[in-house]
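For reference, the structure discussed in these notes is given below.
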Amino acid sequence: MNKGKLTLALLSMVSLLTLASCGDPLEENTDGYVMTITSPSGSTIHYTTDDLFSQYKGNATGVAKFYEAVVEVVIRNEMNQPENAGQLADIMDQADNRVDGVKETAQSNADANKSKYKDELEALFQSYNVADEAELKDYFAYDLMKTKVQDNFYDDNKQEMLLGSTDYDGYLDTKLPYHVRHILVKVSDSSTDIYDGAITEQEARNVSSVIKRLAIRQNDETFGDIAREASEDEGSAANFGDLGIMSKSTGYVNEFKLGVYAYDALYNQNLGVVANADKLAVPADAATFLNNLGLGEIPYQAALKLEETADITKDVNGDKVNNGDSKYYPRNIYFNKFFNKHNVSIITPTNTDGSANLAYEAMTGFQAVAELGGQKALVDEDGKVILAVRAGTGSGTSGYQGLHFIVVERSALVETSTSGVTLEDYYTTEIPGTSTFPKDISDKELITYVNFMKTTTKIYKERSETITNEIKGFDSMLQARIFEKLSAAQGVTFVDADLEAAITNYIDVQRTSNAFSEQLNYEENWDTFIRYLEYQEWQRGRLIAETCAENFQNADLALEYQAGGVCYVK
């Protein structure tokens, strides 16, 4: 047995002598020694358990080793309980299979390298930090035990992990899951071009087309129908725009994730959302900036203007304007003023000057929205607001640039929807068609994340598994939670009070450190986002006037394009 493994074994046995079923205790001689060595000078040195382990209790690294050793004993003890005999037998069979796999790899390596099988097997043993086949099996067995104990813990504590308890913050309150859909329309414009971005004729038509289809909803087209045909995010397009769950851990671009958070926390007037807005913990300086900036508005007429001017690059005489500078192309002027904004916006049934347009207001896609104080905005077929934001990361094949049209299918801040579906029910892991799937008072199945789209049982199971994995993986200190629960159930006690205190403190420090790191990262993302928006607003002060688009084709006569005019370029 190698030294590292010996240390862990000794730590485990000495620290938990009072554990039931933890194996045979360390043997001591009549003087209390557990180890004797001969020094370089030839003298004999004896060690007691205190001699061996006292050095570890005073530093974090040592306590961490104690903790890992204690956890191992508790997990092994749990799997050795009579009720887990069947699971343990399966684990040992799987461990044997994994050992066989390593041996096959050794033989394959020997054949490929024209070397000895024994040498290749020894090399693989070293890669796993074990000495022989028995230790390798034990290594695999313990790895499988950890997974099985975690699975069992989830099955036994699913409700607590989802909802939390008096001493535990659950998934819903910790990660604040949002169920979101989107349509992505890509553009070739760079994210650094704020006032002078440039898009192609086809990109202008694509943006305009999506907005027009959302507003007209010809033949009862749904948001999902349009996403499936027009979204340039192929993965979500295949699922009718469904992106799945966006939690605080999801690595979406700031404009998307924090844009949704900003909408809910600062602009959404729904009373239930307002009551829970503090859960998003938007930093005070970010909230102040965004409140002053306000919710962006994109006039529907701007989308029409994009299409009308998509192919205009010269004046009516066929001459270049301002030496062919693309910044002055009408489509780019409209794009930069109304669409090239990285703060979240809604789309309104208005003209580009902000005035009302009764024809637009009468379109199917525009409705008065209660959560916007009755303001009319573009919504999906269920009346959910469609948010719009310019975003991207990288360029070319290494990233994307584009406009997101976003629907929040379920907000983390809405505890119970208007249809009576609670967050607990919405994120059920049960499968439609089963007796345990959530139903309303008339015994009709509720619409949840799992059956949001009517599909096959196979897909329902995949969506259920998504939720299960979200809940299982949200707590970075889940091992500690399992240890605490199992220790209480197994009656674990520590002979050494200092060691017990050190382990308890170690867990507390790790929890605090992890929470601090997550919060710091969250706040840094907000800081980065706000600094970018500050830069954006500064740059937008240089926007080319809309009148330059209106008079582009008559530039040879328009005063705006003459010397001294707002559109004049030498």
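Sequential numbering of the sequence shown, starting at 79, is according to my numbering.
All C-beta atoms, glycine included, are put in the ideal place defined by N, C-alpha and C.
- Linking Thr328 to Val528 through their CA atoms gives a straight-line distance of about 19 Å.
- Between Leu465 and Gly642, the C-beta spacing is not below 8 Å.
- The beta-carbon distance between Leu556 and Gln228, rounded to whole angstroms, is 7 Å. This is short enough to meet the 8 Å contact definition.
- A distance of 8 Å or more separates the beta carbons of Leu349 and Asn369.
- Along the length of the segment 435 to 491, whole alpha helix (DSSP H) runs at least 4 residues long occupy 436 to 439, reported in chain order.
- Taking all protein chains in view, the Cβ of Leu635 is surrounded by fewer than 16 other Cβ atoms within 10 Å, so the residue is classified as exposed.
- For the 8 Å CB-CB criterion, Ile304 and Leu321 do not form a contact.
- The shortest C-alpha to C-alpha distance from Ala173 to any of Phe218, Ala190 and Val152 is the one to Phe218.
- Taking 8 Å as the upper bound for CB-CB distance, Thr430 and Ala380 are in contact here, some 5 Å apart.
- DSSP, reduced to helix, strand and coil, places Met170 within a helical segment of the structure shown.
- Glu375 sits close to Thr426, with the two beta carbons spaced by under 8 Å.
- Inclusion of Val331 and Phe630 in the CB contact set at 8 Å is not warranted, their separation being larger than that value.
- Closest option to Gly248, judged by alpha-carbon separation, among Tyr232, Asn583 and Asn158: Tyr232.
- According to DSSP, Arg259 shares a beta bridge with Asp320 and Val485.
- In this structure, the alpha-carbon of Gln159 lies about 24 Å from that of Met239.
- Between Phe561 and Val149, the C-beta spacing is below 8 Å.
- In this chain, Glu299 is not harboured by any alpha helix (DSSP H), its DSSP state being neither H nor E.
- Sixteen is the threshold: since fewer than 16 other Cβ atoms of the shown chains lie within 10 Å of the Cβ of Gln347, the residue is exposed.
- Where Glu493 is concerned, there is no enclosing beta strand (DSSP E), because DSSP gives it neither an H nor an E.
- Per the C-alpha coordinates, the member of Gly242, Trp616 and Tyr584 positioned closest to Asn137 is Tyr584.
- Close CB contacts of Thr506 within its chain, under the 6 Å cut and outside five residues either way in sequence, are with Pro516 and Thr526 (chain order).
- Looking at Asp234, Leu373, Ile272 and Gly275, the one whose alpha-carbon comes closest to that of Lys563 is Asp234.
- In this chain, the beta strand (DSSP E) harbouring Ile425 covers Ser423 to Thr426.
- Residue range Ala138 to Met157 is occupied by the alpha helix (DSSP H) that includes Ile153.
- Boundaries of the beta strand (DSSP E) harbouring Gly374: Gly374 to Pro377, taken from the DSSP string.
- Between the segment 611 to 618 and the segment 411 to 426 there are three or more C-beta pairs closer than 8 Å, enough to call the two in contact.
- In the structure shown, the three-state DSSP call for Glu578 is helix.
- Assignment of Glu386 by DSSP, reduced to helix, strand and coil, places it in the helix class.
- Contact annotation, Lys253 with Ser325: C-beta distance approximately 4 Å; criterion of less than 8 Å satisfied.
- Within 10 angstroms of the beta-carbon of Leu384 lie 16 or more other beta-carbons, which makes it buried.
- A straight-line Cα-Cα distance of about 26 Å links Leu202 and Ile153.
- Beyond the five residues adjoining it in sequence on each side, Ala142 comes within less than 8 Å, by CB distance, of Tyr584 in the same chain, given in chain order.
- Non-local beta-carbon contacts of Gly242 in its own chain, meaning distances under 6 Å to residues more than five positions away in sequence, involve Gly248 and Asp251 in chain order.
- Taking a 10 Å sphere around the C-beta of Gln640, we find fewer than 16 other C-beta atoms and assign the residue as exposed.
- The beta carbon of Glu508 lies closer than 8 Å to those of Thr514, Phe515, Pro516, Val528 and Ser542 in the same chain, with the five residues before and after it left out.
- Per DSSP, Glu523 lies in no alpha helix (DSSP H) and is assigned neither H nor E.
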